[in-house]
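In the working numbering, the protein residues as written are 23 to 268.
Positions of the beta carbon are idealized from the N, C-alpha and C atoms, including for glycine.
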Amino acid sequence: MSEYLDTAQGRRIAYHRSMGRGPGVVFLGGFKSDMTGTKALYLQDWAGARGQAFLRFDYSGHGDSSGRFEDGCIGDWAEDAHAAIESLTEGPQVLVGSSMGGWISLLMARALPHRVAGLVTIAAAADFTERGFWAGFSEAQRATLMRDGRIELPSEYDDQPYVITRQLIEEGRKQLLMTGPLSLPFPVRMLQGTADLDVPMGWALDLLDHASGEDIRLTLVKGADHRFSTPDCLSMIAGAIEDVLA
C-alpha cells in the first residue's frame, strides 16, 4: 500500500519505504515507468533481506502520484526526487537511477552532495530530451512540436503513445549535465547493456569520460537490453550497490 508525501510545489508523491540500517538505498525509476517495476521490487526484497533502508517512489504524473504525465518535465521530477530524499530518508543514501532516473540521480548528486553516499546507474539517460528526442526529430517533427506544443511517438513498452511536449524539451535544456562540470566525489557504478536501443552505449562512455571522481566504473553487459531486468542483470545491480556500500 502506497503512502503519500505532499511537496512544497503542491504535488502528491506516492512512495513505499522500508526502514532499516543506513546508508539507505533510493530507487529512481525511468521515463513513464513507476515504482512497481521489476527492478524496484527486486531491490526492495534485496534490501529487506539485508536489513537495509529502502525507498521507491513515483514522480508526479507517474504511477500513483498526482498530476498528468504530459504536464511534467525533468525539473519537476527532479524536485519530486529532492523532496522524497530530504523528507523520507535520513543521512547519506545510495541512489540507484534507471534510465531517466540516472539523469535525475546525477542532478541529485549535484543538488544534495551531502546526502549522497554513492551512485549506481542503469542505462543512465543523461540529457535524453536533447540528445535523444530533439536530436532525433526530423525537421517536420520539430515544426509540429513547436507549433502544437506536443508530438506523439509510438512506445514499444505501452499501448499508449509517448506524448513529448515542447515544455519537456525546453525545460530539459535547463537541466543538462553534459555541458558543464560534473563532479561525483563518491563511489559510482554505471551499468549499460550493449543491446540497449533506447540509450546508446556511447552515452555511457561519454558520461564516464565527462564525470570527474576518484572511483567511477562502467560495466558494459554484452547483449543486455534497456530493461536490464533478467535475473543476471538484477543480480548485477545488487552487486553494484553492495560494491558502493562496501
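Among the options, nearest to residue i - alpha-carbon criterion
i      : options                         : result
Phe91  : Thr166, Glu192 and Tyr81        : Tyr81
Ser251 : Ala105, Leu213 and Ala103       : Leu213
Arg153 : Arg211, Gly194 and Val138       : Gly194
Gly235 : Val138, Leu204 and Leu134       : Leu204
Val116 : Phe49, Gln189 and Gln31         : Phe49
Phe79  : Gly94, Val266 and Asp56         : Asp56
Ala62  : Glu108, Cys255 and Gln182       : Cys255
Ser109 : Arg172, Asp28, Leu167 and Asp86 : Asp28
Ser177 : Val185, Asp170 and Gly171       : Val185
Lys54  : Ala157, Ile35, Gly85 and Ala69  : Gly85
Ala133 : Gly46, Met223 and Leu206        : Leu206
Arg137 : Ser257, Phe208 and Glu25        : Phe208
Assigned secondary structure, residue i (DSSP; H/G/I helix, E/B strand, else coil)
i      : result
Pro253 : helix
Leu270 : Limits of the chain in this structure are 23 at one end and 268 at the other, which puts residue 270 out of reach.
Pro135 : helix
Phe155 : helix
Glu174 : strand
Ser55  : coil
Glu29  : Contrary to the premise, residue 29 reads as Thr rather than Glu in this sequence. If DSSP states are grouped into helix, strand and coil, Thr29 belongs with coil.
Tyr64  : helix
Ala260 : helix
Gly119 : strand
Gln74  : strand
Gly140 : strand
Ser160 : coil
Ser127 : helix
Residue span of the beta strand (DSSP E) that contains residue i, given as start and end
i      : result
Gly215 : Val210 to Gly215
His38  : Arg34 to Ser40
Arg43  : Arg43 to Leu50
Arg239 : Ile238 to Val243
Alpha-carbon spacing of residue i relative to residue j, whole angstroms
i      : j      : result
Gly97  : Gly124 : 14 angstroms
Gly73  : Tyr37  : 19 angstroms
Gly297 : Ala139 : Since the first residue shown for the chain is 23 and the last is 268, residue 297 is missing from the structure and cannot be characterised.
Leu199 : His232 : 9 angstroms
Leu230 : Arg239 : 8 angstroms
Leu190 : Gly44  : 35 angstroms
Glu192 : Thr201 : 15 angstroms
Leu175 : Ser87  : 23 angstroms
Arg39  : Gly171 : 37 angstroms
Ile259 : Val142 : 8 angstroms
Leu227 : Thr111 : 31 angstroms
Thr187 : Leu167 : 7 angstroms
Asp93  : Ala100 : 14 angstroms
Pro114 : Ala262 : 17 angstroms
Asp220 : Ala157 : 13 angstroms
Pro253 : Ile173 : 36 angstroms
Tyr26  : Ala165 : 39 angstroms
Leu65  : Leu77  : 10 angstroms
Leu58  : Val266 : Correcting the residue identity first, residue 58 is Thr in this sequence and not Leu. Each residue's alpha carbon lies about 24 angstroms from the other.
Start-to-end residues for the alpha helix (DSSP H) that takes in residue i
i      : result
Ser109 : Ile96 to Leu110
Gly85  : No alpha helix (DSSP H) contains Gly85, which DSSP labels as neither H nor E.
Leu227 : Met223 to His232
Gln189 : Arg188 to Gly194
Proximity test, residue i beta-carbon vs the ligand NAP heavy atom, cut-off 7 angstroms
i      : result
Asp180 : By its list of ligands, the structure shown contains no ligand whatsoever, and the ligand NAP lies outside what it can speak to.
The region 124-144 in contact with the region 161-178 per 3-pair CB rule at 8 angstroms: no
task: Would you check if there are 3 or more beta carbon pairs closer than 8 angstroms linking the region 107-122 to the region 145-154?
output: yes
task: State whether the region 209-225 contacts the region 236-247, with contact taken as three or more CB pairs (one from each stretch) at a distance under 8 angstroms.
output: yes
query: Taking three-plus beta-carbon pairs below 8 angstroms as touching, is the region 58-74 in contact with the region 98-109?
result: no
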